[in-house]
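Student: In our numbering, the protein residues as written are 18 to 218. Each residue gets a CB set at the ideal place from its N, CA and C atoms; glycine is no exception. On a predicted model such as this, the values are computed, not experimentally measured, just so you know.
1) Select from 37, 38, 23 the residue whose C-alpha is nearest the C-alpha of residue 31.
2) My parser needs the beta strand (DSSP E) runs of 3 or more residues fully inside the segment 174-200; what are they?
3) Please list the terminal residues of the continuous alpha helix (DSSP H) segment that includes residue 92.
4) Note down the Cα distance separating residue 91 from residue 59, rounded to an integer number of angstroms.
5) Go through its chain and collect everything with a Cβ distance to residue 52's Cβ below 7 angstroms, but skip five positions before and after it.
6) Quick one: is residue 199 buried, meaning 16 or more other Cβ sit within 10 Å of its Cβ, or exposed?
7) Restricting to Cα atoms, I'd like to know which of 63, 54, 48, 57 is closest to residue 18.
8) Identify the continuous alpha helix (DSSP H) that holds residue 22 and give its terminal residues.
9) Using DSSP with H/G/I as helix, E/B as strand and the rest coil, what is residue 80?
10) Excluding the 5 residues preceding and the 5 following residue 26 in the sequence, name in chain order all residues of the same chain whose CB lies nearer than 7 angstroms to its CB.
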């Protein structure tokens with residue numbers, strides 16, 4: 018079922034799939050005027066279909082045109098407060114990563130017209146539950162200005178410190194990198210504006 022078809026409906030449990038940059042939000046929305054905000058509204062519609070439980074899923078990699086493409090977590094996931102997320106460990110497949118989000122259980126699980134009402138928040142997971150994994154090096158990278166970025170490359174940010182690139186999307190000044198920082202965890206940064214220094218290995 019598409020998000021558009023789900024408008025006006027409610028379910029006890031809802032699964033939203035493909036929460037990866039380039040899928041949701043779709044890559045075309047980044048070049049269309051107002052496209053990203055429309056995708057964000059659709060995300061809100063999809064999330065508010067859930068009465069009790071909301072599951073948000075993404076793949077770590079996908080086969081596209083015969084090539085393995087490592088996915089970058091959707092920016093919409095980054096906008097959800099961490100206190101409302103509980104990472105779930107996949108039982109069989111190592112290709113996909115599942116993440117469940119709950120806005121509370123029982124009588125505390127209710128949505129208001131302005132967003133969601135804070136209920137019983139999940140605690141952060143233990144280090145054994147879906148900790149970020151270092152992908153294999155990609156065969157190509159992203160060029161921004163005079164700098165060439167690639168997956169697995171070490172970088173330094175003035176605020177976040179040292180980290181390693183684990184995902185790339187977009188091209189040129191519109192490119193984004195998902196970076197696993199040593200001290201602050203995973204951050205998604207726009208390479209056109211983020212002042213990153215490449216750290217030689």
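Tutor: This is what the structure gives:
1) Counted from its first residue, the chain shown places residue 31 at position 14. Measuring from the Cα of residue 31, the nearest candidate turns out to be 23.
2) 178-186, 193-198
3) As a first step, residue 92 is located in the chain shown; it is residue number 75 there, counting from the start. From DSSP, the alpha helix (DSSP H) with residue 92 extends over 92-95.
4) Numbered from 1 along the chain shown, position 74 holds the residue referred to as residue 91. Numbered from 1 along the chain shown, position 42 holds the residue referred to as residue 59. Approximately 13 angstroms, taken between the alpha carbons.
5) By one-based count along the chain shown, residue 52 stands at place 35. Hits under 7 angstroms: 45, 46.
6) The residue given as residue 199 occupies position 182 in the chain shown. Under this definition residue 199 is an exposed residue.
7) The residue labelled residue 18 in the question sits at position 1 within the chain shown. With distances taken between Cα atoms, residue 18 lies closest to 63.
8) To locate residue 22, count along the chain shown from 1; it is residue 5. Element bounds for residue 22: 20-23.
9) Taking the chain shown and counting its residues from 1, the one referred to as residue 80 is at position 63. Looking at residue 80 - three-state DSSP - the assignment turns out to be strand.
10) Residue mapping note: residue 26 aligns to position 9 of the chain shown, counting from 1. These residues qualify, in order along the chain: 66.
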